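Taking it in order: structure first as structure tokens, then the write-up.
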Amino acid sequence: MGNSENNNKELTVEQIQEIADQLRKPTGEKGVEMGHIMNEANVMMIDQTLETLQPLTGEAILEIGHGNANHLQKLIKMAPGIKYTGLDISETMHLEAKKYCAENDLESQTTFVHYEGQTIPFASQTFDKIFTINTLYFWESPEAYLNELHRILKPGGKLLITYAEEESMDKLPFTSYGFTKYSPDKFEKLIQNSKFKLESNRQYVEKITSKVLTYDERKFRVGVLMC
Numbered sequence: 199m200g201n202s203e204n205n206n207k208e209l210t211v212e213q214i215q216e217i218a219d220q221l222r223k224p225t226g227e228k229g230v231e232m233g234h235i236m237n238e239a240n241v242m243m244i245d246q247t248l249e250t251l252q253p254l255t256g257e258a259i260l261e262i263g264h265g266n267a268n269h270l271q272k273l274i275k276m277a278p279g280i281k282y283t284g285l286d287i288s289e290t291m292h293l294e295a296k297k298y299c300a301e302n303d304l305e306s307q308t309t310f311v312h313y314e315g316q317t318i319p320f321a322s323q324t325f326d327k328i329f330t331i332n333t334l335y336f337w338e339s340p341e342a343y344l345n346e347l348h349r350i351l352k353p354g355g356k357l358l359i360t361y362a363e364e365e366s367m368d369k370l371p372f373t374s375y376g377f378t379k380y381s382p383d384k385f386e387k388l389i390q391n392s393k394f395k396l397e398s399n400r401q402y403v404e405k406i407t408s409k410v411l412t413y414d415e416r417k418f419r420v421g422v423l424m425c
């Protein structure tokens with residue numbers, strides 16, 4: 199581990215809990231700041247996820263937990279003509295994402311939906327591909343949620359779940375508040391109990407230095423699930 203423990207030694211329990219709450223659901227001015235921090239800290243996660251996603255022109259793609267959506271220019275450049283939908287529980291991130299797309303002429307290819315986090319508001323077999331980065335920890339009923347994602351995917355569709363391994367998450371004090379952590383084995387057992395078939399669960403290792411996250415080594419995985 200890097201300096202994450204040192205960076206958080208002076209924080210009170212209340213401050214640590216606030217970080218956890220903002221990571222789960224960015225809210226207000228601090229939520230806007232957290233959106234930028236997450237975007238900066240998760241560059242490699244985002245890049246590896248999009249590379250694995252392999253979006254194709256014309257596909258309908260859903261992202262769960264899009265944050266401020268500052269990565270969308272990169273995604274749309276990979277496959278011009280995709281139909282992107284973003285779904286988020288944070289009203290702050292919903293508004294920030296719409297603002298970003300308006301400022302970058304992406305409105306015609308993007309749609310954003312704000313929801314409560316449980317009931318997915320889409321018809322069956324709507325999307326070709328779905329991806330989500332760092333949201334798995336907050337799913338209240340993960341098996342039921344996975345099956346909802348299966349429902350809205352087209353036959354042969356693909357779901358990517360990107361998550362930091364439990365071993366790395368344990369090094370950050372705020373993950374003790376409201377986070378469900380996943381080892382690779384725990385993740386694979388979750389998938390076995392769903393309607394999906396696990397195609398791969400590849401590990402990546404990175405170094406991070408940011409305002410909230412500092413690691414000499416963060417291990418994360420991109421799980422690829424087939425419908």
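Numbering (the numbering used here), first residue to last: 199 to 425. Ideal placement from N, C-alpha and C gives every residue a C-beta, glycine not left out. If you're wondering where the values come from, they're calculated on a predicted model, not measured in any experiment.
> Hey, residue 255 and residue 329: beta-carbon distance below 8 Å or not?
Replying inline: no
> Under three-state DSSP, which class holds residue 368?
Replying inline: Correct three-state label for residue 368: coil.
> Leaving out the 5 sequence neighbours to the left and right, which residues in its chain are closer than 8 Å to residue 298 when beta-carbon positions are compared?
Replying inline: 266, 267, 268, 270 and 304
> Can the beta-carbon of residue 361 be found less than 8 Å from the beta-carbon of residue 332?
Replying inline: yes
>> With three or more beta-carbon pairs closer than 8 Å as the criterion, would you say the region 415-424 touches the region 257-264?
In response: no
> Whose CA, out of 375, 371, 326 and 340, lies closest to the CA of residue 354?
Replying inline: Nearest C-alpha to residue 354: 326.
>> Between which two residues does the alpha helix (DSSP H) holding residue 253 run?
In response: Segment: none, residue 253 is in no alpha helix (DSSP H) and carries neither H nor E.
> Among the residues of its own chain, which have a CB less than 8 Å from the CB of residue 280, if the five just before and after it don't count?
Replying inline: Excluding its 5 nearest sequence neighbours in each direction, residue 280 has C-beta neighbours in its own chain below 8 Å: 253, 254, 255, 256, 257, 258, 259, 273, 274 and 307, listed in chain order.
> Which of helix, strand or coil does DSSP assign to residue 264?
Replying inline: In the three-state reduction of the DSSP assignment, residue 264 falls in the coil class.
> Just the Cα atoms here: how many angstroms apart are residue 276 and residue 364?
Replying inline: Spanning the two alpha carbons is a distance of roughly 31 Å.
> CA-CA distance, residue 319 and residue 351?
Replying inline: 13 Å
> Pick from 345, 406 and 377: whose alpha carbon is nearest that of residue 389?
Replying inline: 345
> Is residue 338 closer than 8 Å to residue 323 when the C-beta atoms are compared?
Replying inline: no
>> Measuring straight from C-alpha to C-alpha, what distance separates residue 222 and residue 394?
In response: 25 Å
> For the alpha helix (DSSP H) that residue 226 lies in, which residues bound it at each end?
Replying inline: That run of the alpha helix (DSSP H) goes 226-239.
> Should residue 224 go down as buried or exposed, given a rule of 16 or more other Cβ atoms within 10 Å for buried?
Replying inline: buried
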